[in-house]
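> Protein chains in written order, with our numbering: chain A, 417 to 772; chain B, 417 to 772.
1. By the 9 Å beta-carbon criterion, what residues does the segment 493-520 of chain A contribute toward chain B?
2. Let me check understanding here. Comparing Cα to Cα, which of 771(B), 742(B) and 625(B) lies closest to residue 592(B)?
3. Got a sec? Which residues, its chain only, sit under 7 Å from residue 736(A) by beta carbon, not counting five neighbours each side?
4. Identify each residue in the segment 714-748 of chain B for which the Cβ-Cβ distance to at least one residue of chain A is less than 9 Å, and report them in chain order.
5. Which of the three DSSP states is assigned to residue 710(A) in this structure?
6. Let me check understanding here. Comparing Cα to Cα, which of 771(A), 420(A) and 442(A) lies closest to residue 624(B)?
7. CB-CB under 7 Å to residue 747(A), same chain, minus the five flanking residues each way: which ones, in chain order?
8. Does any residue of chain B bring its CB to less than 8 Å from the CB of residue 474(A)?
9. So what's residue 504(A) in DSSP terms, helix, strand or just coil?
10. Let me see if you follow: with CB-CB separation under 8 Å, is residue 448(B) close to chain A or not?
11. Start and end of the alpha helix (DSSP H) containing residue 441(A)?
12. What is the rounded straight-line gap between the Cα of residue 650(B) and the Cα of residue 642(B)?
13. Take the Cβ of residue 549(B) as the centre, count every other Cβ of all protein chains shown within 10 Å, and call the residue buried at 16 or more, exposed below.
14. If you measure from the beta carbon of residue 461(A) to each beta carbon in chain B, is any gap under 8 Å?
15. Pick out whichever of 539(A), 427(A), 589(A) and 684(A) has its Cα sitting closest to the Cα of residue 475(A).
16. Interface residues of chain B around residue 445(A) at Cβ under 7 Å?
17. Scan the segment 428-442 of chain B for residues whose Cβ lies nearer than 8 Å to a Cβ of chain A and list them as they occur along the chain.
18. Checking contacts by CB at 8 Å: is residue 706(B) closer than that to chain A?
19. Reducing DSSP to helix, strand and coil, say where residue 523(A) ends up.
20. Taking only beta-carbon atoms, is residue 620(A) less than 8 Å away from chain B?
21. Could you spell out where the alpha helix (DSSP H) holding residue 606(B) opens and where it closes?
22. Run the CB neighbour count on residue 477(A), radius 10 Å, all protein chains shown included, and call it buried at 16 or more, exposed below.
23. Quick one: which chain A residues come within Cβ less than 7 Å of residue 647(B)?
24. Excluding the 5 residues preceding and the 5 following residue 546(B) in the sequence, name in chain order all residues of the same chain whose CB lies nearer than 7 Å to its CB.
25. If the cut is a Cβ gap below 9 Å, which residues of chain D does residue 768(B) touch?
26. Comparing C-alpha positions only, which one of 752(B), 764(B) and 766(B) sits nearest to residue 440(B)?
27. Got a sec: is the Cβ-Cβ distance from residue 454(A) to anything in chain B below 8 Å?
28. Among the candidates 682(A), 765(A) and 761(A), whose CA atom is the shortest distance from the CA of residue 444(A)?
29. Could you check what DSSP says for residue 582(A) in three-state terms: helix, strand or coil?
30. Under 9 Å between beta-carbons, which chain B residues line up against residue 650(A)? List them in chain order, please.
31. With a Cβ-Cβ cutoff of 8 Å, do residue 674(A) and residue 580(A) count as a contact?
32. Within the same chain, show all residues whose beta-carbon is closer than 7 Å to that of residue 702(A), passing over the 5 residues directly before and after it, in chain order.
33. Kindly list, in the order they appear in chain B, the residues whose Cβ is closer than 8 Å to that of residue 750(A).
34. Enumerated in chain order, which unbroken segments of the alpha helix (DSSP H) with a length of 4 residues or greater are wholly contained in the segment 643-725 of chain B?
35. Do you know how far the Cα of residue 693(B) is from the Cα of residue 611(B)?
36. Give me the DSSP bridge partner(s) of residue 532(B).
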């Protein structure tokens with residue numbers, strides 16, 4: 417592991433038990449039947465533990481949508497052509513995509529990052545409309561060899577960490593992950609299969625909506641990628657290098673950076689949660705900074721959430737990515753923060769407690 | 417039925433099939449894998465059908481929290497003393513309650529209505545801080561006779577309708593229901609038992625968190641109320657009069673008013689959904705204007721949602737009332753509206769469609 421990456425991973429600590437307990441005690445005094453705000457109370461406690469305060473603020477929000485391409489698309493694993501990745505990046509820049517619309521409702525910024533799109537996005541970078549942490553014009557075909565080198569995998573992780581560092585300096589208080597990359601459910605299923613030991617067939621779904629035949633191609637390609645590359649589940653950088661993607665590594669880096677800087681991070685759907693599996697494998701305590709935004713319709717997502725021990729906030733049959741589920745969940749996280757920041761206790765509100 | 421109530425009920429029409437179909441066709445052209453925004457697309461179609469446009473706006477939002485007291489509390493059915501109802505109304509006015517905090521995050525106003533609290537709230541009414549549609553200082557004990565007269569039940573329903581009329585004249589585009597009333601899970605369970613024919617024991621839960629003994633009292637009180645009063649499930653006004661509550665009737669009226677004025681209405685938890693059962697019984701088409709905000713932890717709520725055929729947006733283990741679940745869901749409804757209003761189609765965004 418490179419020294420920068422090693423330093424961050426080694427410095428990730430659990431959230432504060434002391435502040436979690438303080439928060440729980442305080443929440444139990446609010447003028448409501450005990451526990452009646454359900455998951456909002458769980459979230460409020462988590463936010464207090466992360467930020468070490470009873471007044472956690474998550475008003476300054478950003479969705480980081482990471483884009484990358486995948487050599488494995490040549491195996492016929494996706495319903496859409498590869499050109500759609502840069503086309504959608506352009507749509508993000510124009511503000512016409514779902515992530516733009518949902519982030520606007522949530523009061524969040526969107527930062528789009530080129531992690532390795534197979535097209536020239538230089539003009540958008542020069543105009544300051546997207547960030548470039550471009551590693552290569554797409555990964556190589558993992559069915560025939562490693563998707564990327566070990567050094568590229570480390571760079572992808574470090575890019576995410578670096579982006580969070582700069583956002584935190586700008587005052588960001590709540591982070592959300594997002595992805596764009598035609599073919600990227602394929603490496604995500606591969607990562608899940610490697611870490612969980614589940615059969616590829618069991619964790620591979622239809623992504624953007626492929627035919628039965630393409631699904632068989634996809635399963636074969638993943639099986640071949642794992643057989644050919646023999647990723648080492650005990651070495652997360654090896655897993656990312658062999659069967660990952662640039663944007664997936666970037667997302668894992670975002671999560672590690674969030675945990676390092678003690679910022680809560682909303683993890684979006686299947687691709688983002690593949691990043692979360694990598695982050696957890698590198699730094700087990702990072703999972704305490706994660707908030708699972710939703711459970712995706714993409715088949716393997718529920719296994720990922722189960723393995724991470726995360727309870728998704730939303731279940732709205734989404735399967736889009738971009739960070740859309742995370743953007744939708746921001747309002748719930750902000751509500752939880754405001755519950756602990758603004759609500760009155762029984763005593764302060766002059767409300768009688770329970771008598772039975 | 418009084419003539420005003422009869423007129424509104426008779427005038428409630430289904431949502432527009434024509435606009436629903438137009439919306440579905442348009443949503444299928446958005447630059448996303450078909451159907452990948454799940455429930456947001458279902459909601460967007462519903463909003464278009466309700467408002468007869470492909471550009472439905474729900475920016476102007478209000479939660480109406482209706483308060484009332486219940487004579488049946490003398491049977492020992494609640495964990496909290498009756499004084500808590502006016503104390504919480506005061507907390508709403510001060511802005512220290514959950515509904516204030518969650519509505520603020522959602523960008524919604526809160527309107528608090530005294531439908532029949534067993535305390536003098538006249539000062540708050542004169543200061544313009546709450547509305548008064550006060551019917552009586554609490555219902556009578558339904559375990560010993562009808563909770564209210566038929567005329568009072570009609571007035572409760574008409575109050576809700578009148579409030580919506582005035583909010584619609586002010587430009588409100590999205591309505592949400594809320595309740596406050598110590599003891600009000602008791603009439604709500606009774607209403608569910610009467611309409612569904614399910615045994616009282618099966619539809620009665622612990623409300624704000626009562627003991628085993630109090631739960632037995634509560635079940636007995638509901639059984640006695642139904643035995644004594646023999647509410648006629650075929651006559652919703654009779655059900656409300658015999659085993660209902662003023663705020664529950666008010667909420668049913670809000671829903672009828674919303675359907676009449678073609679405004680979508682977010683239905684909160686157990687008490688609000690008891691109101692929804694009454695509204696549907698009076699005007700079956702009103703259900704097409706309802707959006708189930710969440711599934712409450714209060715035991716019988718899932719049966720109500722099932723019987724209404726509604727799929728709740730959130731599942732956050734809430735059991736508070738006040739309109740809190742509805743306020744939390746507003747952001748999702750607004751997101752759905754913005755999806756159809758603002759997102760670009762494949763053609764407009766210059767994005768290739770699927771090829772496989």
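Don't be surprised by glycine CBs; every beta carbon is placed ideally from N, CA and C.
Once the coordinates are examined:
1. For the segment 493-520 of chain A, the beta-carbon criterion of a distance under 9 Å to any beta-carbon of chain B is satisfied by 494, 495, 496, 497, 499, 500, 503, 504, 506, 507, 510, 511, 512, 513, 514, 516, 517, 518 and 520.
2. Answer by Cα proximity: 742(B).
3. For residue 736(A), same chain residues with a beta-carbon under 7 Å away, outside a window of 5 residues either side, are 514 in chain order.
4. Within the segment 714-748 of chain B, the residues whose Cβ lies closer than 9 Å to some Cβ of chain A are 729, 730, 731, 732, 733, 734, 735, 736, 737, 738, 740, 743, 744, 746, 747 and 748, listed in chain order.
5. It is a strand residue.
6. With distances taken between Cα atoms, residue 624(B) lies closest to 771(A).
7. Taking residue 747(A) as the centre and dropping the five residues before and after it, the same chain places the C-beta of 522 closer than 7 Å to its C-beta, in chain order.
8. Chain B, which has no Cβ nearer than 8 Å to the Cβ of residue 474(A), makes this no.
9. Reduced to three states, the DSSP call for residue 504(A) is helix.
10. Residue 448(B) counts as touching chain A.
11. Segment 433-443, the alpha helix (DSSP H) holding residue 441(A).
12. Separation of residue 650(B) and residue 642(B) (C-alpha to C-alpha, rounded to the nearest whole angstrom) is 14 Å.
13. Buried, by the Cβ-count rule.
14. Not an interface residue.
15. Shortest Cα-Cα distance from residue 475(A) to any of 539(A), 427(A), 589(A) and 684(A) involves 589(A).
16. Going along chain B, no residue has its Cβ under 7 Å from residue 445(A), so there is no contact; the nearest lies around 12 Å.
17. Within the segment 428-442 of chain B, contact with chain A at the beta-carbon level (separation under 8 Å) is assigned to no residue.
18. Taking Cβ atoms only, chain A never reaches closer than 8 Å to residue 706(B), which makes this a no.
19. Residue 523(A): coil per DSSP, three-state reduction.
20. Chain B, which has no Cβ nearer than 8 Å to the Cβ of residue 620(A), makes this no.
21. DSSP places residue 606(B) in the uninterrupted alpha helix (DSSP H) bounded by 601-612.
22. Taking all protein chains in view, the Cβ of residue 477(A) is crowded by 16 or more other Cβ atoms within 10 Å, so the residue is classified as buried.
23. Correct list: empty, because the minimum Cβ distance to chain A is about 27 Å.
24. Spatial neighbours of residue 546(B) in its own chain (CB-CB distance under 7 Å, excluding positions within 5 residues in sequence) are listed in chain order as 505, 509, 528, 529, 530, 537 and 540.
25. Any reference to chain D falls outside this structure, whose protein chains are A and B.
26. When only C-alpha atoms are compared, the closest one is 752(B).
27. By the rule that beta-carbons nearer than 8 Å mark a contact, residue 454(A) touches chain B.
28. Here the closest residue by C-alpha is 761(A).
29. Helix, per DSSP.
30. Correct list: empty, because the minimum Cβ distance to chain B is about 35 Å.
31. Cβ atoms of residue 674(A) and residue 580(A): closer than 8 Å.
32. Excluding positions up to five away in sequence, the list reads 428, 671, 672, 675, 695 and 696.
33. Per Cβ cutoff of 8 Å: 521.
34. Runs found: 652-659, 662-676, 686-698 and 717-724.
35. Going from the Cα of residue 611(B) to the Cα of residue 693(B) covers about 8 Å.
36. Note: residue 532(B) sits in a beta bridge opposite 484(B).
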